[in-house]
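Below: the structure, in structure tokens.
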Amino acid sequence: MLRTVERIPLVDLDVHHAPLQRELAAAAARVLVSNRFVLGPELSAFEREASMALGVRSAVGVSSGTDALTCLLLAAGVGAGHEVITTPYSFFATAEAIVRAGARPVFADIDPHTLNLDPARAGERVGPRTAAVLVVHLFGRPVSLDRFGEVCAANALPLIEDAAQAIGAAAPGRLAGSARALGAAISFFPAKNLGGFGDGGMVLTDDGEIAARVRRLRNHGAERKHHHFEAGGNFRLDELQAALLRVKLPNLVRWTEARRQVAAAYHLQLADLPLQLPPADPCCVWNQFVVRVRDGRRDHLAAHLADRGVETAVHYPVPIHMQPAFRSLGHRPGEFPHAEQAARDSLALPIFPELTSGQIARVAAAIADFFG
Ligand SMILES: *Cc1c(COP(=O)(O)O)cnc(C)c1O
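For the sequence shown, our numbering gives the first residue as 222, with consecutive numbering after it.
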């Protein structure tokens, strides 16, 4: 008889939410009986609590991380005829938001060590139409805002952060969304470090004017009912999501610490294998733990792990400049070799706060067995 092996998922929301189920149900019930569902007291309270927890003056809830990016770009004055410099190695939404804002994404290659946009290469792409630099703290690893701050200051450009995967990540000395950058977009997609129960996102900023503009954009450009000052959209975070996220927010620091312990355990247990591990970084919040697999063996390792009940994922198999949606930009394979190499050899292993030491050991043993 076949022994059934316990499956180890990439993310396990069952164990993640189990201890909170009663509190979550109570929060949802509170909203249901209130019959207030949009722009109400739960959102105001969540925005206050999030701004305190994340160390920023303003936190503005919106409908998704993608909409947070679009609103932030529009609020920064990005529009038609502009270019925004960004990374070709991220989730598609990073570049999509630039197009939604009316501008053109201009890519620069990544640093092969951190997988984040390389500040020197980004600086080389600045031209007369450049309106902003959009960095991504990929997989939860903060970019150096000091380095990008210098690039932006030298060219009088706003720096904008896609912190969808990096809520609470401290870039040297500070939290994502404060100080050097104009603002940061975060996502509450369920698989992010602070996941909601559907879609949601938030703009974090210390700039009062940017916060006010995002508040207006998220609600049809209206400052009061039926008085519209610009075409925005319906980008609101609803009361149900806000109430549920308020239950989860106080646990974020503890969950981040648990992710760091998982990453540290992987570093120890995978150290002697012929894999390239993500660099250790005390500021990283490890939304993903992504290893590099040499010699074209990435997909073989993934299949080997799947056979042993270990779920993995490829983030991202197609770099953004090679997506069919951006064919009109005219990019060619080979233009951003570090991003293209990462797309070929990166593999994300299971990581979530409740991953047990037994599960980590099983993942490590299954990988060791592959190279055995
Ligand atoms: C998830 C994600 C987004 C988009 O967030 P949504 O809430 O899914 O719209 C944008 N950028 C990055 C890097 C992401 O991981």
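Every residue gets a Cβ at the ideal spot worked out from N, C-alpha and C, and that includes glycine. Quantities reported herein were computed from a predicted structural model and do not represent experimental measurements.
query	result
Inside the region 322-361 only - alpha helix (DSSP H) runs reaching at least 4 residues	340-345
For E382: DSSP bridge partner residues	V356, A405
Extent of the continuous alpha helix (DSSP H) to which S285 belongs	Where S285 is concerned, there is no enclosing alpha helix (DSSP H), given that its DSSP letter is neither H nor E.
Exposed unless 16 or more other CB atoms sit within 10 angstroms - verdict on G416	buried
Cβ-heavy atom distance, L275 to ligand 3, below 7 Å	What this structure holds is ligand 1, not ligand 3.
The region 334-351 touching the region 312-322, judged by at least three CB pairs closer than 8 Å	no
A385 beta carbon near ligand 1 (any heavy atom closer than 7 Å)	yes
Local conformation of A387 per DSSP, three classes	coil
Per DSSP, cross-strand counterpart(s) of R513	Q497, S567
For I572 and Q509, believed in contact at Cβ under 8 Å, the rounded distance	7 Å
Proximity of V283 and A353 at Cβ, strictly below 8 Å	no
Beta carbon of L264 nearer than 8 Å to that of A463	yes
V424 (DSSP reduced to helix, strand or coil)	strand
Straight-line Cα distance separating H448 from L526	57 Å
Presumed contact (8 Å Cβ cut-off) between G422 and S578, rounded CB distance	Contact flag wrong, Cβ pair sits at about 33 Å.
Pairwise C-alpha distance: R436 and I331	33 Å
H542 versus A250: straight-line alpha-carbon distance, rounded	45 Å
Paired residues, beta bridge with R445 - DSSP	H448
Option nearest N472 by Cα separation, candidates P574, R362, E556	P574
Beta-ladder partner(s) of L502, from DSSP	Rather than Leu, the amino acid found at residue 502 in this sequence is Asp. Note: D502 sits in no beta bridge, so no partner.
Contact belief for A324 with G300 at Cβ below 8 Å, rounded distance in angstroms	6 Å
Per DSSP, cross-strand counterpart(s) of V259	D459
Length of the line joining the Cα atoms of A311 and T291	One point to set straight first is that residue 311 is Ser, not Ala, in the sequence displayed. Near 16 Å, if we compare the C-alpha coordinates of T291 and S311.
Delimiting residues of the alpha helix (DSSP H) encompassing I162	Missing from the structure shown is residue 162; the chain here goes from 222 to 593 and no further.
Burial state of N455 (16 or more Cβ within 10 Å)	exposed
Counterpart residues of T477 in DSSP-defined beta bridges	None, per the DSSP bridge assignment.
Alpha-carbon to alpha-carbon, F369 and E532	35 Å
heavy atom of ligand 1 below 7 Å from D459 C-beta	no
Beta-carbon spacing of Q497, I581 below 8 Å	no
Whole-number beta carbon distance between V357 and N376, since they are thought to touch under 8 Å	The pair is not a contact, with the Cβ atoms about 19 Å apart (cut-off 8 Å).
Near ligand 1: S285 beta-carbon under 7 Å from a heavy atom	yes
DSSP state of V252 mapped onto helix, strand, coil	helix
CB of A524 within 8 Å of CB of A569, strictly	no
Whole-angstrom distance between V232 and V259, CA atom to CA atom	30 Å
Cβ-based neighbour list, H183, same chain, cut-off 6 Å, excluding 5 preceding and 5 following	The structure shown does not extend to residue 183, since the chain is modelled only from 222 to 593, so the question has no answer here.
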